[in-house]
Every structure is written in C-alpha cells, then in structure tokens.
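> Numbering that gives the first Met the number 0 puts the first residue of the sequence shown at 0, with every later residue one more than the last. Glycine included, each C-beta is placed from N, C-alpha and C at the ideal position. If you're wondering where the values come from, they're calculated on a predicted model, not measured in any experiment. Got a structure here, written out as structure tokens. Questions coming.
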Amino acid sequence: MPQPILTAAAMRDAETAAVAAGTTYAALMATAGKAVADTAARFALGRPILVLAGPGNNGGDGYVAASILAERGHDVIVAAHGDARSAEAIAARAAWQGQTIALADAEPRPILIDALFGTGLSRPLDADVATTLQSLVDAAEFSLAVDVPSGVDTDTGADLGAPHGLTATLALGAYKPAHLIEPAAGLCGHLFLADIGVPARGSWHVIARPQLVPPPRDAQKFTRGLVVVVAGAMPGAARLAARAAIHAGAGYVILAGADAGQPEAIVHKPLGDPADLAAILDDDRIGCVLIGPGLGRDDRASALLDIAVASRHPLVVDGDALTLLGREAPHRLAPRADIAMTPHAGEFARMFASADGKLLATLSAARAIDGVVVHKGPDTVVAAPDGRAAVQIERSSWLSTAGSGDTLAGILAARRATGVDFFGAAQQAVWFHTRAAKLAGPAFVADQLSHYLPAAIGECL
Ligand SMILES: NC(=O)C1=CN([C@@H]2O[C@H](COP(=O)(O)OP(=O)(O)OC[C@H]3O[C@@H](n4cnc5c(N)ncnc54)[C@H](OP(=O)(O)O)[C@@H]3O)[C@@H](O)[C@H]2O)[C@H](O)CC1
Ligand SMILES: [K+]
Numbered sequence: 000m001p002q003p004i005l006t007a008a009a010m011r012d013a014e015t016a017a018v019a020a021g022t023t024y025a026a027l028m029a030t031a032g033k034a035v036a037d038t039a040a041r042f043a044l045g046r047p048i049l050v051l052a053g054p055g056n057n058g059g060d061g062y063v064a065a066s067i068l069a070e071r072g073h074d075v076i077v078a079a080h081g082d083a084r085s086a087e088a089i090a091a092r093a094a095w096q097g098q099t100i101a102l103a104d105a106e107p108r109p110i111l112i113d114a115l116f117g118t119g120l121s122r123p124l125d126a127d128v129a130t131t132l133q134s135l136v137d138a139a140e141f142s143l144a145v146d147v148p149s150g151v152d153t154d155t156g157a158d159l160g161a162p163h164g165l166t167a168t169l170a171l172g173a174y175k176p177a178h179l180i181e182p183a184a185g186l187c188g189h190l191f192l193a194d195i196g197v198p199a200r201g202s203w204h205v206i207a208r209p210q211l212v213p214p215p216r217d218a219q220k221f222t223r224g225l226v227v228v229v230a231g232a233m234p235g236a237a238r239l240a241a242r243a244a245i246h247a248g249a250g251y252v253i254l255a256g257a258d259a260g261q262p263e264a265i266v267h268k269p270l271g272d273p274a275d276l277a278a279i280l281d282d283d284r285i286g287c288v289l290i291g292p293g294l295g296r297d298d299r300a301s302a303l304l305d306i307a308v309a310s311r312h313p314l315v316v317d318g319d320a321l322t323l324l325g326r327e328a329p330h331r332l333a334p335r336a337d338i339a340m341t342p343h344a345g346e347f348a349r350m351f352a353s354a355d356g357k358l359l360a361t362l363s364a365a366r367a368i369d370g371v372v373v374h375k376g377p378d379t380v381v382a383a384p385d386g387r388a389a390v391q392i393e394r395s396s397w398l399s400t401a402g403s404g405d406t407l408a409g410i411l412a413a414r415r416a417t418g419v420d421f422f423g424a425a426q427q428a429v430w431f432h433t434r435a436a437k438l439a440g441p442a443f444v445a446d447q448l449s450h451y452l453p454a455a456i457g458e459c460l
C-alpha cells in the first residue's frame, strides 16, 4: 500500500482510534519521542544537543527525546517555550531531569531539535519566536524538525513563519500535506517517516512506484493502446508529446496535423480542415486522445478542441487547450466522461479559483470537471472527483525545462490508452516522468526524456 497522507484532524482521529484499540496517548508520545531521539542520535555523533520544546504535544515529544538522549550520555539542554498544556506533555516535562532554559535565552548548539509546534499550530509564529528559531537553525550543524517544521500549516503547506534551512524533518505516524506541498515541503529538508504504531488510512497517498505487467501474449498494436495527439500552431510540442506516448508503452501513436519526424513509428495524418479531425477520431480502436500542447489559441484551435471534446474517447486536455477553456472548463468538461487535465499553476489559476492550499484546490477542481486533475509543479497533485488524491514525493528540479509538460501529457495519454483509469494512469505518468528525468541526469533537454521512459518502465515490471 502506498503511504497515506493525513490532515492534522485525520491524524488526531487515527490517534484516537489507536487509543480506543488499547494503547495510550502517553505510549504514543513515548514511541514518538524515541523515534526523534533515535534519528537525532544517528546524526549527533557526540555533539551537544539543544531541544526546543513548545507547549503542546510536539513539545512533549521533545522532552521525551531529550530524556532518552541524556540517558544515552548525550549533552542535552532544553529551551522551553510556554508551559506544557496536555497531561502527556506535562508528564514528559516533569520527567525531564536536565537543564531547562527559556527559549529567549537559548544559545546555539551544533545539534538542534525543533519541537516547538507540530500539527496543533493555530496561527503564525510570533515574530520574536520565528527570529530566535531561524538564528538557532542557521547556527546549527544539523537541525531536525519533530513531525513538521514549527511554523508551517500542516494541511495547506503554507509558511506561517517557519525557519529556512532545516536539515531534516521526522514525520510522525504518517505524512501530512505540509511534507509534500510547497512551500512547506521545501522547508522540511530531508524527509524521514517514523512508524509510531498508529494505523493510518485515508483517501490521499503519496505516488508510489507503479507495478506493471508486460503486454499479454495475444497483444497487438491496437490492444496495446492507440493514442491520437492533435497538433496545432506549434507542432513541436505535439511531437514531443507523441514521442513520449510511443515510448511510454502505447502500441500505436497517430500525430494529427503535423509531420512526426522521429521516430518513424509515429503515424502522421494531415489535418487540412479542422473537420478532418472528426473523421480521424471516428475509430473505436482509439484508446486516448491528447489535445493542447502547442495547439495555439486561435479559431482553428478552438474548432479542434470542440471536436476533441465532442469525441467519445478518453481525453487528456493540456497546455493551450486549458487556456482556451479558462473559467468555462467545468461547464465544458463536466458533462463529458473520462477526462483528465494537466495544468501548471498558471493554467490552473486561469480555470479555477484557488483557496485552501494546492491539495484541496485540486480536489475541488477535479470535482468541478468531474475528471482527473494533474496539477503540476515540484509538488504535483493528482486528484480524482471522488475525493482520492495522490501527491508526488520523488522529485527532479531538472524537469523545470521547456517541453517537460508536453512529455508528461504524452505519457499520461499512453498509460490511459493501455487501459488504466485516469487516476492510476496519472500517477504512473508522474512517476515515469520523474524517473526518466533522474535517469537522464542533470540539464537534460526535454527531447531526451522519452528515451529514458522504457528503462523507467522496465523498473516496474
Ligand atoms: N500524531 C500522533 O499520533 C502523535 C502526535 N504527537 C505529537 O503531537 C503533536 C500535536 O500536538 P498538539 O498538542 O495538538 O499541538 P502542538 O504541539 O503543535 O501545539 C499546540 C499548542 O501550541 C499552541 N499554539 C498554536 N499555535 C501557536 C503559535 N503560533 N504561537 C504560540 N502558541 C501556539 C496551542 O495553543 P492554542 O491557543 O492554539 O490552543 C497549543 O497549546 C504532533 O505534531 C506530534 O508531534 C504525539 O506526541 C504522539 C502521537
Ligand atoms: K516541530
């Protein structure tokens, strides 16, 4: 099972269920604190440790970790912020027998454990707390956030005064949106996950390596998946998408309206009049249609888009097609079955009002179009209209290059054409795209990405 992603409230519910099933909150805090101590000890190498402990259970985890580390012989000081509030945090603080100072008096130490605030953060950090925390992080050689960096919104990933430059974050029990969604994800540093004995389930999860099977023995090119890519004003983008599609497992790729170039296996069909597209799409063997990369935004582009939307095939809408749809996207697409769109942040904002952070905004967009939305970025979110969501955890910042999105759209069309539903196909596409980028090495050109797709697929068989 892929790792679930839980909101702060869902994590609290999971914790409550675990306690109802027989554990105690104190036992959970003991397990969490031990996980923090174990992680910090791995990197401390005998260097002095400063634990920042806030008033809630995040601080409680910090006191437990401090006690365990001191018992193991580490040099530990706790800097406390506010009085412990919950029964478990009060007990953890009472059990701490080492030196405690006020946060305002804390001097930097090489190892820093940030247990000021976790999932209970309810407002931005006070400016003086944020400044102190930042200076202690800056001065530390290794800094570890407990559960989430203090000062991020757990559910939206918003930055409410969190420090920059943390070395690592230890997520407790489950990933939260803040671990994966920007800007919070970028503030976490290296991400570790600790099992604290709380069974966590939900309809959101991280995108995992796909599990594939080779084509069946009786496979032929059309059953492997026939993709039609519609080209427009800037045919290069559609070519990139078509090449990605044929390297991503589709059995047959037609490029409608542009000369395919390489590889020769892609079939070129001319589009004189936009109405020619209707004839090309009148084919039951088609597994998926892709429209949008380099389509243009003129009347011809609109006419091609109308025909693609009216067709009966699974449809991926990307690039210029999204801009053409704009605010009309829900109204135009919702009545149509089997649809996915792949907007980047700018295209998304032209179609949908954004609120509540990227994850919830993408889920609400998926409901609005009654289809799958792949909201691209370093923190790509795939959302389905039934409330399921999957978020990218493996990343490659080298994917921020021209043609990268066209390639993703082509992979998505190919995976859908092989028979996977759009929610599954989109997760596969995001994974293959990133994996191909890693295999391609740094500073690749998007044209090269396709060549690494077969190897990425090979890792999943
Ligand atoms: N997930 C689990 O199963 C376990 C999690 N643990 C740890 O518990 C924290 C969550 O603990 P919680 O007590 O709910 O919340 P916090 O520790 O994050 O902090 C809440 C207190 O902080 C006050 N607060 C909130 N925001 C601010 C702020 N900006 N400035 C000052 N004070 C703030 C808040 O006060 P309110 O006024 O909002 O009520 C609370 O007093 C989780 O992250 C894990 O680390 C368990 O230990 C193990 C099981
Ligand atoms: K924290």
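(1) Among 45, 61 and 19, which has the Cα closest to the Cα of residue 465?
(2) Does the beta-carbon of residue 100 have 16 or more other beta-carbons within 10 angstroms, so that it is buried, or is it exposed?
(3) Considering only the alpha carbon of each residue, which of 203, 249 and 192 lies closest to residue 385?
(4) Just to check, is the beta-carbon of residue 276 closer than 7 Å to a non-hydrogen atom of ligand 1?
(5) May I ask whether a heavy atom of ligand 2 can be found less than 7 Å away from the beta carbon of residue 39?
(6) For residue 98, count the other beta carbons within 10 Å of its own beta carbon; 16 or more makes it buried, fewer makes it exposed. Which is it?
(7) Examine ligand 2 and report whether any of its heavy atoms sits within less than 7 Å of the Cβ of residue 182.
(8) Secondary structure at residue 463, three-state DSSP: helix, strand or coil?
(9) Under 8 Å, do residue 242 and residue 72 count as touching if we go by C-beta distance?
(10) Do residue 407 and residue 428 have their CB atoms nearer than 8 Å?
(11) Quick one: is residue 82 buried, meaning 16 or more other Cβ sit within 10 Å of its Cβ, or exposed?
(12) Using a threshold of 7 Å, is the CB atom of residue 4 nearer than that to any non-hydrogen atom of ligand 1?
(13) Tell me where the alpha helix (DSSP H) around residue 42 begins and ends.
(14) Whole angstroms is fine: what's the gap from residue 162's alpha carbon to residue 309's?
(15) Quick check on residue 0: does DSSP put it in helix, strand or coil?
(16) Which ranges would you report for the alpha helix (DSSP H) in the stretch 213 to 287 if only whole runs of at least 4 residues count?
(17) Would you say residue 116 touches ligand 2, meaning its beta carbon is less than 7 Å from a heavy atom?
(18) Name the one or two DSSP bridge partners that residue 381 has.
(19) Taking Cβ positions, are residue 143 and residue 169 nearer each other than 8 Å?
(20) Under the rule that 16 or more other beta-carbon atoms within 10 Å means buried, what is residue 0, buried or exposed?
(21) Residues bridged to residue 141 by DSSP?
(22) From this set, 356, 281 and 7, which residue's C-alpha is nearest residue 182's C-alpha?
(23) Do residue 28 and residue 59 have their C-beta atoms closer together than 8 Å?
(24) Between the alpha carbons of residue 289 and residue 229, how many angstroms are there, rounded?
(25) Can you give, in chain order, each stretch of the alpha helix (DSSP H) that sits fully within the stretch 179 to 218 and has at least 4 residues?
(26) Would you tell me roughly how many angstroms separate the C-alpha atoms of residue 215 and residue 362, rounded to the nearest one?
(27) Secondary structure at residue 18, three-state DSSP: helix, strand or coil?
(28) Give the C-beta separation of residue 391 and residue 174 to the nearest angstrom, bearing in mind that I take them to be a contact with Cβ-Cβ under 8 Å.
(29) Specify, as a first and last residue, the run of the beta strand (DSSP E) that residue 77 falls within.
(30) Using C-beta distances below 6 Å, list every residue in its chain close to residue 129, excluding the 5 sequence neighbours before and after it, in chain order.
(31) Under 7 Å from any heavy atom of ligand 1, does the C-beta of residue 70 make it?
(32) Please report the straight-line C-alpha distance between residue 423 and residue 213, rounded to a whole angstrom.
(33) Could you tell me which residues DSSP pairs with residue 10 in its beta bridges?
(34) At the level of alpha carbons, what is the spacing between residue 57 and residue 39?
(35) Look up residue 96 in the DSSP assignment and say whether it is helix, strand or coil.
(36) Cutting at 7 Å between CB atoms, please list the residues of its own chain near residue 296, excluding the five before and the five after it.
Reading off the structure:
(1) The structure shown does not extend to residue 465, since the chain is modelled only from 0 through 460, so no value can be given for it.
(2) exposed
(3) 203
(4) no
(5) no
(6) exposed
(7) no
(8) For the chain, the structure presents residues 0 to 460; residue 463 sits outside this window and is missing.
(9) no
(10) yes
(11) exposed
(12) no
(13) 24 to 43
(14) 50 Å
(15) coil
(16) 220 to 223, 234 to 246 and 275 to 280
(17) yes
(18) 373 and 389
(19) yes
(20) exposed
(21) 110
(22) 356
(23) yes
(24) 6 Å
(25) 183 to 186
(26) 35 Å
(27) helix
(28) That pair is no contact at about 12 Å.
(29) 75 to 79
(30) 160
(31) no
(32) 17 Å
(33) DSSP lists no partner for residue 10.
(34) 15 Å
(35) coil
(36) 319, 322 and 323
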